[in-house]
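Novice:
Chains as they are written, first to last, in the numbering used here: chain A, 1 to 180; chain B, 181 to 360.
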């Protein structure tokens with residue numbers, strides 16, 4: 001910093017328009033972001049992330065405006081059907097979670113945005129499973145993070161994260177750095 | 181994923197010990213993490229991040245165990261004195277925030293961990309100032325993020341973020357990708 005030869009001021013930057021991240025947007029780890037369902041107002045923000053992949057955990061088809069935007073930007077979409085967890089009738093689907101994790105252990109898919117509708121419960125379960133299985137976080141830290149996004153903890157989700165397991169395999173050649 | 185030649189199972193990995201991130205740990209953006217004050221129990225987790233720099237916003241000296249750990253791991257510490265914001269007597273210090281931002285616009289310092297004691301208010305103000313000035317986030321998104329970490333919003337902090345400005349300069353050669 002002491003050797004700044006040519007400097008630039010922030011206000012010189014061509015783009016001064018405000019950027020609007022999607023609801024509950026956050027960076028999960030290198031190469032991975034999480035959020036709620038993106039709306040067109042969020043597209044300029046998301047384009048700056050240069051996404052390669054979107055993982056959508058949702059009951060219904062993704063909106064066509066999102067599908068078209070992803071296609072225009074060369075973004076591959078993985079849609080894993082997962083219903084909103086409504087106890088005692090609907091439970092989180094371990095196969096959908098395992099399939100989504102299979103996408104994130106391959107860094108050729110990075111950067112990835114994983115989203116559900118609100119970015120709270122379903123994405124919270126996916127991030128929790130990832131913290132536990134791939135990143136070996138302690139449960140206390142996993143539940144804290146889950147609770148930061150989910151307003152009011154959903155006990156069934158937390159139970160799911162705790163018992164979730166999978167014999168997922170990965171190719172070390174394409175493993176993300178946080179898995180090595 | 182269809183072409184996995186040699187696979188590895190997660191459970192084969194040598195390290196199976198649980199990792200404990202510091203209080204309120206999160207990734208802010210590429211190259212930057214935030215948290216509360218790290219304790220020795222968090223050191224194995226932090227060592228995986230290969231940190232180059234720590235920014236500490238705090239009133240008192242950093243604990244010697246942290247200073248020694250940072251030194252052993254070749255981590256440079258920037259300590260910007262900032263008191264806990266206690267209205268109406270103590271206000272956030274715009275000079276400390278500007279000095280901290282000056283560290284994060286130089287990617288040679290990456291990866292950076294920015295921490296205060298609880299990782300809520302002071303670090304929340306720094307992240308908010310960064311979102312506003314460097315990343316052009318909308319206020320609604322900035323305040324949402326601030327509120328996720330700070331239990332109960334601190335109006336004075338939010339006011340500070342809104343009015344904060346700085347004629348910070350940066351060297352484009354070392355600017356992080358999210359600033360370009």
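Where a beta carbon is used, it is the ideal one built from N, C-alpha and C, also for glycine. The structure presented is a predicted model; accordingly, all values stated were derived computationally and were not measured.
Leaving out five residues on either side along the sequence, give the residues of the same chain with a beta carbon under 7 Å from the beta carbon of residue 210 (chain B).
Specialist: The residue you call residue 210 (chain B) lines up with position 30 of the second chain. So the qualifying residues of the chain are 356, 357 and 358.
Novice: My guess is that residue 75 (chain A) and residue 41 (chain A) are in contact by the Cβ rule of under 8 Å, so how many angstroms apart are they, rounded?
Specialist: Counted from its first residue, the first chain places residue 75 (chain A) at position 75. Counted from its first residue, the first chain places residue 41 (chain A) at position 41. That pair is no contact at about 17 Å.
Novice: Go ahead and pull the three-state DSSP assignment for residue 302 (chain B).
Specialist: Position 122 of the second chain, counted from the first residue, corresponds to residue 302 (chain B). Reduced to three states, the DSSP call for residue 302 (chain B) is helix.
Novice: Is there at least one Cβ from chain A nearer than 8 Å to residue 296 (chain B)'s Cβ?
Specialist: The count along the second chain starts at 1 and reaches residue 296 (chain B) at position 116. Taking Cβ atoms only, chain A never reaches closer than 8 Å to residue 296 (chain B), which makes this a no.
Novice: Going by DSSP, which residues form a beta bridge with residue 212 (chain B)?
Specialist: Within the second chain, numbered from 1, the residue matching residue 212 (chain B) stands at position 32. DSSP, once it has assigned bridges, lists B:209 and B:292 as partnering residue 212 (chain B).
Novice: Report the rounded CA-to-CA distance for residue 36 (chain A) versus residue 236 (chain B), giving the unit in angstroms.
Specialist: Looking up residue 36 (chain A) in the first chain gives position 36. Looking up residue 236 (chain B) in the second chain gives position 56. Looking at the backbone, the Cα of residue 36 (chain A) and that of residue 236 (chain B) are separated by about 31 Å.
Novice: Where do the N-terminal and C-terminal ends of the alpha helix (DSSP H) with residue 327 (chain B) fall, by residue?
Specialist: Translated into positions along the second chain, residue 327 (chain B) becomes position 147. That run of the alpha helix (DSSP H) goes 319-329.
Novice: DSSP three-state call for residue 183 (chain B): helix, strand or coil?
Specialist: The sequence position of residue 183 (chain B) within the second chain is 3, counting from 1. Low per-residue confidence applies at residue 183 (chain B): pLDDT is 44, beneath 50, and the placement is therefore not dependable, though the value from the model is reported in the following sentence. Correct three-state label for residue 183 (chain B): coil.
Novice: Could you work out which residue in B:297, B:271 and B:226 is closest to residue 259 (chain B) when comparing CA atoms only?
Specialist: Your numbering for residue 259 (chain B) matches position 79 in the second chain. Ranking the options by Cα distance to residue 259 (chain B), first place goes to B:297.
Novice: Could you give the distance in angstroms between the alpha-carbon of residue 4 (chain A) and the alpha-carbon of residue 350 (chain B)?
Specialist: Position 4 of the first chain, counted from the start, is the residue given in the question as residue 4 (chain A). Position 170 of the second chain, counted from the start, is the residue given in the question as residue 350 (chain B). At residue 4 (chain A), the pLDDT of 49 sits below 50, so the modelled position is not reliable; the number obtained from the coordinates is stated separately. Residue 4 (chain A) and residue 350 (chain B): Cα-Cα distance of roughly 7 Å.
Novice: Does residue 68 (chain A) pass the burial test, meaning 16 or more other C-beta atoms within 10 Å, or should it be called exposed?
Specialist: In the first chain, counting from the first residue as 1, residue 68 (chain A) sits at position 68. It counts as exposed.
Novice: Less than 8 Å separating the beta-carbons of residue 305 (chain B) and residue 343 (chain B)?
Specialist: Residue numbering aside, residue 305 (chain B) sits at position 125 when the second chain is read from its first letter. Residue numbering aside, residue 343 (chain B) sits at position 163 when the second chain is read from its first letter. Contact flag unset, no.
Novice: Using a cut-off of 7 Å between C-beta atoms, extract the partners of residue 310 (chain B) located in chain A.
Specialist: For this step, residue 310 (chain B) is matched to residue 130 along the second chain. Here the premise fails: no neighbours, minimum Cβ distance about 11 Å.
Novice: Of all Cβ atoms in chain A, is any one closer than 8 Å to the Cβ of residue 200 (chain B)?
Specialist: By 1-based counting over the second chain, the position of residue 200 (chain B) is 20. For residue 200 (chain B), the answer is yes, since a Cβ of chain A falls inside 8 Å of its Cβ.
Novice: Go through its chain and collect everything with a Cβ distance to residue 1 (chain A)'s Cβ below 7 Å, but skip five positions before and after it.
Specialist: The residue given as residue 1 (chain A) occupies position 1 in the first chain. For residue 1 (chain A), the predicted structure reports a pLDDT of 41, less than 50, and the residue's modelled location is therefore unreliable. A value from the coordinates is still provided. None.
Novice: Please compile the residues from chain A whose C-beta is within a distance smaller than 8 Å of the C-beta of residue 208 (chain B).
Specialist: Against the second chain, residue 208 (chain B) aligns to sequence position 28. By Cβ distance, chain A contributes 27.
Novice: Cβ of residue 234 (chain B) versus every heavy atom of the ligand HEM: is any distance shorter than 7 Å?
Specialist: Looking for the ligand HEM in the displayed structure turns up nothing, as the structure carries no ligands at all.
Novice: Going by beta carbon distance, what residues of the same chain come within less than 8 Å of residue 19 (chain A), once the five residues before and after it are set aside?
Specialist: As a working note, residue 19 (chain A) is residue 19 in the first chain. Within the same chain, residue 19 (chain A) has close Cβ partners 44, 45 and 48.
Novice: Going by CA-CA distance only, name the one from A:61, A:123, A:28 and A:83 that's closest to residue 77 (chain A).
Specialist: The residue labelled residue 77 (chain A) in the question sits at position 77 within the first chain. Checked all of A:61, A:123, A:28 and A:83; the closest Cα to residue 77 (chain A) is A:61.
Novice: Between the beta-carbon of residue 24 (chain A) and the beta-carbon of residue 149 (chain A), is there less than 8 Å?
Specialist: Taking the first residue of the first chain as position 1, residue 24 (chain A) is located at position 24. Taking the first residue of the first chain as position 1, residue 149 (chain A) is located at position 149. Yes, they are a contact pair.
Novice: Along the beta strand (DSSP E) that carries residue 344 (chain B), what are the first and last residues, could you check?
Specialist: Position 164 of the second chain, counted from the start, is the residue given in the question as residue 344 (chain B). Note, residue 344 (chain B): premise wrong, no beta strand (DSSP E); not H, not E.
Novice: Which of the three DSSP states is assigned to residue 254 (chain B) in this structure?
Specialist: Position 74 of the second chain, counting from 1, holds the residue named residue 254 (chain B). Of the three classes helix, strand and coil, the one that applies to residue 254 (chain B) here is coil, per DSSP.
Novice: Verify whether the separation of the beta carbon atoms of residue 52 (chain A) and residue 109 (chain A) is less than 8 Å.
Specialist: In the first chain, the residue the question calls residue 52 (chain A) occupies position 52. In the first chain, the residue the question calls residue 109 (chain A) occupies position 109. Yes, the pair counts as a contact, with Cβ atoms nearer than the cut-off.
Novice: With a threshold of 16 other CB atoms inside 10 Å of the CB of residue 34 (chain A), please say whether the residue is buried or exposed.
Specialist: For the purposes of this step, residue 34 (chain A) is taken as the residue at position 34 of the first chain. By the beta-carbon neighbour count (other beta carbons within 10 angstroms, threshold 16), residue 34 (chain A) is buried.
Novice: What residue range is occupied by the uninterrupted beta strand (DSSP E) comprising residue 237 (chain B)?
Specialist: Numbered from 1 along the second chain, position 57 holds the residue referred to as residue 237 (chain B). 233-238 is the extent of the beta strand (DSSP E) around residue 237 (chain B).
Novice: Please report the distance separating the alpha-carbon of residue 165 (chain A) from that of residue 70 (chain A).
Specialist: Position 165 of the first chain, counted from the first residue, corresponds to residue 165 (chain A). Position 70 of the first chain, counted from the first residue, corresponds to residue 70 (chain A). So the alpha carbons of these two residues sit roughly 31 Å apart.
Novice: Could you tell me the alpha carbon to alpha carbon distance between residue 139 (chain B) and residue 314 (chain B), rounded to whole angstroms?
Specialist: Since the displayed chain B opens at 181 and closes at 360, residue 139 (chain B) lies outside it and no answer follows.
Novice: Are any of the Cβ atoms in chain A nearer than 8 Å to that of residue 185 (chain B)?
Specialist: The residue given as residue 185 (chain B) occupies position 5 in the second chain. Per-residue confidence for residue 185 (chain B) stands at a pLDDT of 48, beneath the threshold of 50, marking its modelled position as unreliable; no derived number is given.
Novice: Residues of the stretch 57-83 of chain A with a CB closer than 9 Å to any CB of chain B: list them in chain order, please.
Specialist: none
Novice: Answer with yes or no whether the minimum CB distance from residue 232 (chain B) to chain A is below 8 Å.
Specialist: Locating residue 232 (chain B) in the second chain gives position 52, counting from the first residue. No - not a single Cβ of chain A is within 8 Å of the one on residue 232 (chain B).
Novice: Rounded to whole angstroms, what is the Cα-Cα separation between residue 208 (chain B) and residue 286 (chain B)?
Specialist: Position 28 of the second chain, counting from 1, holds the residue named residue 208 (chain B). Position 106 of the second chain, counting from 1, holds the residue named residue 286 (chain B). Approximately 15 Å, taken between the alpha carbons.
Novice: Do residue 104 (chain A) and residue 32 (chain A) have their C-beta atoms within less than 8 Å of each other?
Specialist: Mapped onto the first chain, residue 104 (chain A) falls at position 104. Mapped onto the first chain, residue 32 (chain A) falls at position 32. Yes, the Cβ-Cβ distance between residue 104 (chain A) and residue 32 (chain A) is below 8 Å.
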